[in-house]
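Asks:
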Amino acid sequence: MPLNPIESIRSPIGTRISAIKSTQSVIRNINAKNALGDEKLLAEIGYKQELKRTFSTWQEFGIAYSIMGLLPSISSLTGTGYTAGPAGFLWSWFVSSIFILSVGISMSELASAIPTSGGLYYWTFYYAPENYRVPISFVIGLSNSMALCAGLVSIAYGNSEEILAAVYLTKDGDFDITRGKIYGVFAACVLAQAICTCLSSKHVAWLQTVSAIANTGLIVIYLIALPVGTSKNLHHFNSAKTIFVEVQNYSNWPIGFQFVLSMMTAVWTIGAFDSCVHMSEEARNASFGVPIGITGSISFCGVVGFFIILCTNACIKKDQIESILNTDTGFPMAQIIYDSLGRKWTIALMSLMSVCQWLMGSSILTALSRQVWAFARDNGLPFASFVKVVDKRLKVPIRAVFFASSVGLILGCLCLAGSAASNALFSLCVSGNYLAWCTPIFLRLTSGKRRFNPGAFYLGHLWSQVNSWITCLWGLFIICICMFPSSIGVTKDTMNYTCAISCGVWLLSAVYYYVYKYKYFHGPCSNLSPEDALDVDDAVPVYQEKNEDLEQKED
Numbered sequence: 010m011p012l013n014p015i016e017s018i019r020s021p022i023g024t025r026i027s028a029i030k031s032t033q034s035v036i037r038n039i040n041a042k043n044a045l046g047d048e049k050l051l052a053e054i055g056y057k058q059e060l061k062r063t064f065s066t067w068q069e070f071g072i073a074y075s076i077m078g079l080l081p082s083i084s085s086l087t088g089t090g091y092t093a094g095p096a097g098f099l100w101s102w103f104v105s106s107i108f109i110l111s112v113g114i115s116m117s118e119l120a121s122a123i124p125t126s127g128g129l130y131y132w133t134f135y136y137a138p139e140n141y142r143v144p145i146s147f148v149i150g151l152s153n154s155m156a157l158c159a160g161l162v163s164i165a166y167g168n169s170e171e172i173l174a175a176v177y178l179t180k181d182g183d184f185d186i187t188r189g190k191i192y193g194v195f196a197a198c199v200l201a202q203a204i205c206t207c208l209s210s211k212h213v214a215w216l217q218t219v220s221a222i223a224n225t226g227l228i229v230i231y232l233i234a235l236p237v238g239t240s241k242n243l244h245h246f247n248s249a250k251t252i253f254v255e256v257q258n259y260s261n262w263p264i265g266f267q268f269v270l271s272m273m274t275a276v277w278t279i280g281a282f283d284s285c286v287h288m289s290e291e292a293r294n295a296s297f298g299v300p301i302g303i304t305g306s307i308s309f310c311g312v313v314g315f316f317i318i319l320c321t322n323a324c325i326k327k328d329q330i331e332s333i334l335n336t337d338t339g340f341p342m343a344q345i346i347y348d349s350l351g352r353k354w355t356i357a358l359m360s361l362m363s364v365c366q367w368l369m370g371s372s373i374l375t376a377l378s379r380q381v382w383a384f385a386r387d388n389g390l391p392f393a394s395f396v397k398v399v400d401k402r403l404k405v406p407i408r409a410v411f412f413a414s415s416v417g418l419i420l421g422c423l424c425l426a427g428s429a430a431s432n433a434l435f436s437l438c439v440s441g442n443y444l445a446w447c448t449p450i451f452l453r454l455t456s457g458k459r460r461f462n463p464g465a466f467y468l469g470h471l472w473s474q475v476n477s478w479i480t481c482l483w484g485l486f487i488i489c490i491c492m493f494p495s496s497i498g499v500t501k502d503t504m505n506y507t508c509a510i511s512c513g514v515w516l517l518s519a520v521y522y523y524v525y526k527y528k529y530f531h532g533p534c535s536n537l538s539p540e541d542a543l544d545v546d547d548a549v550p551v552y553q554e555k556n557e558d559l560e561q562k563e564d
């Protein structure tokens with residue numbers, strides 16, 4: 010007798026799910042506090058040590074701080090921040106920074122418990138319900154990879170705009186900034202960063218120190234030079250009321266909602282702190298160093314960023330904000346510096362920002378390549394067997410570096426389609442990352458609460474729970490907000506296509522998994538030798554066994 014239509018549909022789906030369940034990786038009861046060193050802990054997680062551990066706690070901080078690139082990032086997003094006026098920009102940054110720190114603390118707890126380069130998708134698999142852990146882990150791994158790639162594109166794209174803005178000022182406006190020129194400079198930046206990222210792990214770690222010092226030096230110069238120039242050339246500063254109280258609206262959204270949209274400056278700037286997680290397998294004392302890198306970089310950038318905006322608010326021409334937002338340079342911060350310091354200082358500062366932003370791109374490509382390498386190691390990417398190979402001499406995943414940069418160059422072509430496409434691509438960095446960050450945190454609170462064994466960084470049961478729920482709500486809020494357009498009356502040029510691109514990435518990831526990748530991706534896949542795997546089996550029990558013991562005791 011033939012099956013009815015519903016049964017004929019259910020049959021292949023049920024077979025597919027059964028196949029997925031039968032091949033998925035086991036889950037072990039990982040306890041970072043009891044591990045005897047980084048390599049032993051990594052073996053408990055399921056991986057052999059392939060990369061050199063050269064990153065100190067300071068350099069873990071340095072890579073996240075470098076990617077945040079405080080002054081260059083704020084400069085790239087000045088137009089977004091000032092749509093709510095000086096005071097709106099200042100306080101939206103302050104509020105956002107507090108919630109972003111909440112996200113960082115929750116992520117730090119997970120990173121301290123299970124420090125691995127695959128971090129987010131590994132944690133998702135570890136804490137998710139058995140029937141769904143593999144596909145959810147795959148979607149999160151791909152979302153995180155694409156979000157970091159979008160971050161690389163947005164940083165390099167902003168870098169190219171800064172370079173061309175400096176050229177525009179050098180030629181006294183006798184220079185046309187076209188999308189073709191922007192892409193050409195963008196591509197040159199990405200290729201140079203790829204070459205730099207292929208250096209040995211020791212040199213890449215050293216580069217984070219250089220970048221942190223360069224970014225800090227640039228901030229100090231800015232905080233001194235801008236007020237001095239304003240005092241000399243404009244002869245006055247804005248009042249305290251203008252700086253702290255007057256919230257203005259330079260869009261057609263209601264002022265309250267425009268204040269919320271201006272939060273995106275902080276959300277985008279104080280981001281990519283999961284880079285510390287992706288460097289876990291190159292970090293010394295990772296269970297401690299990675300959390301300090303995450304929380305330290307967020308805290309420092311939140312406080313210093315507040316003072317950068319405060320300084321800018323004091324010096325900006327308050328009666329010309331609208332014209333500054335629409336400046337011919339295409340870069341509002343360049344106009345603010347020009348008004349206070351003149352042409353030569355503007356060119357000098359924009360050039361320094363360009364150097365720092367290039368270092369930002371190099372740092373995020375480093376983190377992206379480690380995420381791509383880790384995901385390929387678990388057979389989660391196309392061409393995984395090729396991408397996951399580590400250079401034996403340098404101990405660096407060179408193939409992953411060039412794979413990631415190639416995808417970035419392809420994504421960058423969307424910027425040629427216009428500002429709407431480029432803005433949607435940049436928002437993918439936010440929406441994709443927040444989905445990847447908050448999913449394992451939510452799963453740890455729900456289905457995986459029994460499996461969580463805290464590491465060296467932990468708030469304690471009560472405050473950890475409270476903070477993690479705040480993180481989940483904030484993440485959901487931000488994912489929704491980044492889908493909105495910058496104005497109410499949308500056209501094809503002003504529409505925010507983030508919803509289409511982000512949801513498209515997530516949906517296509519799920520389809521790709523169920524149609525093809527389920528054959529190869531079964532969750533995190535151990536690459537330990539049989540001897541090492543046997544030692545781990547003896548020392549670390551499979552979690553399901555522990556769960557059964559717990560249930561028997563409860564009975």
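Residue numbers (our numbering): 10 to 564. Built from N, CA and C at the ideal position, the CB exists for glycine as well.
Would you kindly work out how many angstroms separate the C-alpha atoms of S126 and V286, rounded to a whole number?
Replies: One C-alpha to the other measures close to 6 angstroms.
Asks: Distance, Cα to Cα, G464 vs A295?
Replies: Those two C-alpha atoms are separated by around 10 angstroms.
Asks: For S260, which residues in the same chain have their Cβ closer than 6 angstroms to its Cβ, ignoring the five residues on either side in sequence?
Replies: The residues are T92, Q267 and S496.
Asks: Looking at S371 and the ligand NAP, is the gap between the Cβ and the nearest heavy atom below 7 angstroms?
Replies: No copy of the ligand NAP occurs in the structure displayed, which carries no ligand at all.
Asks: To the nearest angstrom, report how far apart S31 and V398 are at their CA atoms.
Replies: Since pLDDT at S31 reaches only 42, below the 50 mark, its modelled position is unreliable, and no value is offered.
Asks: DSSP three-state label for F64, please.
Replies: Here F64 sits in strand by DSSP.
Asks: Tell me where the alpha helix (DSSP H) around F297 begins and ends.
Replies: Element bounds for F297: A295 to C324.
Asks: From the DSSP output, in three-state form, read off R37 for me.
Replies: R37: strand per DSSP, three-state reduction.
Asks: With H, G and I counted as helix, E and B as strand and the rest as coil, what does DSSP make of L151?
Replies: Here L151 sits in helix by DSSP.
Asks: When you compare only the Cα positions, how much space is there between S289 and F246?
Replies: Using only the alpha carbons, I get a separation of about 46 angstroms.
Asks: Given this structure, state the Cα-to-Cα distance separating R37 from A44, to the nearest angstrom.
Replies: Their Cα atoms are separated by approximately 13 angstroms.
Asks: Report the rounded CA-to-CA distance for G421 versus V162, giving the unit in angstroms.
Replies: When rounded, the distance between both Cα atoms is 6 angstroms.
Asks: Going by DSSP in three states, A292 sits in which element: helix, strand or coil?
Replies: Three-state DSSP puts A292 in a strand.
Asks: Thinking C-alpha only, which one of A203, M492 and Q58 is nearest I373?
Replies: Comparing Cα positions, the closest option is A203.
Asks: Is the beta carbon of G314 sitting closer than 8 angstroms to the one on L79?
Replies: Closer than 8 angstroms, so yes.
Asks: Could you tell me if P300 is buried or exposed, where buried requires 16 or more neighbouring beta carbons within 10 angstroms of its beta carbon?
Replies: Buried: at least 16 other Cβ atoms inside 10 Å.
Asks: Looking at C-beta atoms only, is the number of pairs between the segment 194–201 and the segment 40–60 that lie closer than 8 angstroms three or more?
Replies: No: fewer than three Cβ pairs fall under 8 angstroms.
Asks: Please specify which runs of the beta strand (DSSP E), each continuous and at least 3 residues long, are wholly inside the segment 55–142, giving them in chain order.
Replies: As far as the segment 55–142 is concerned, it has no whole beta strand (DSSP E) run of at least 3 residues.
Asks: Between which two residues does the alpha helix (DSSP H) carrying Y467 extend?
Replies: No alpha helix (DSSP H) holds Y467; DSSP gives it neither H nor E.
Asks: Please check the pair I346 and W354, which I expect to be a contact at CB under 8 angstroms, by giving their CB distance rounded to whole angstroms.
Replies: Indeed they touch by this definition, with Cβ atoms about 7 angstroms apart.
Asks: Hey, is the segment 400–417 in contact with the segment 145–163, meaning 3+ C-beta pairs nearer than 8 angstroms?
Replies: With the cut-off at 8 angstroms, the segment 400–417 and the segment 145–163 touch.
Asks: State the start and end residues of the unbroken alpha helix (DSSP H) segment that holds I497.
Replies: Unbroken run through I497: none, as it is neither H nor E.
Asks: Got a sec? Which residues, its chain only, sit under 7 angstroms from L377 by beta carbon, not counting five neighbours each side?
Replies: The residues are L157, C158, L161 and A413.
Asks: Specify the secondary structure class of H245 as computed by DSSP and reduced to three states.
Replies: Correct three-state label for H245: coil.
Asks: Please say whether L454 and Q474 have beta carbons closer to each other than 8 angstroms?
Replies: Yes.
Asks: Would you mind reading off the limits of the alpha helix (DSSP H) that contains A519?
Replies: Counting along the chain, the alpha helix (DSSP H) containing A519 begins and ends at T507 to V524.
Asks: Using the Cβ count rule (16 or more neighbours within 10 Å means buried), how would you classify V254?
Replies: V254 is exposed by the Cβ-count criterion.
Asks: How would you label G226, buried or exposed, when you count the other beta carbons within 10 angstroms and need 16 or more for buried?
Replies: Result: exposed.
Asks: Given a threshold of 16 other Cβ atoms within 10 Å of its Cβ, counted over all protein chains shown, does E331 qualify as buried or as exposed?
Replies: Exposed, by the Cβ-count rule.
Asks: Less than 8 angstroms between the C-beta atoms of P588 and C365, yes or no?
Replies: There is simply no residue 588 to check, as the chain begins at 10 and stops at 564 in what is shown.
Asks: Does DSSP put K404 in a helix, in a strand, or in coil?
Replies: Of the three classes helix, strand and coil, the one that applies to K404 here is coil, per DSSP.
Asks: Looking at C-alpha atoms only, which residue of G339, N388, R460 and L516 is the closest neighbour of S428?
Replies: Closest by alpha carbon: G339.
Asks: What separation, rounded to the nearest whole angstrom, lies between the Cα atoms of P449 and S85?
Replies: Going by the C-alpha atoms only, they are around 31 angstroms apart.
Asks: Please classify F392: does DSSP put it in a helix, a strand, or coil?
Replies: If DSSP states are grouped into helix, strand and coil, F392 belongs with coil.
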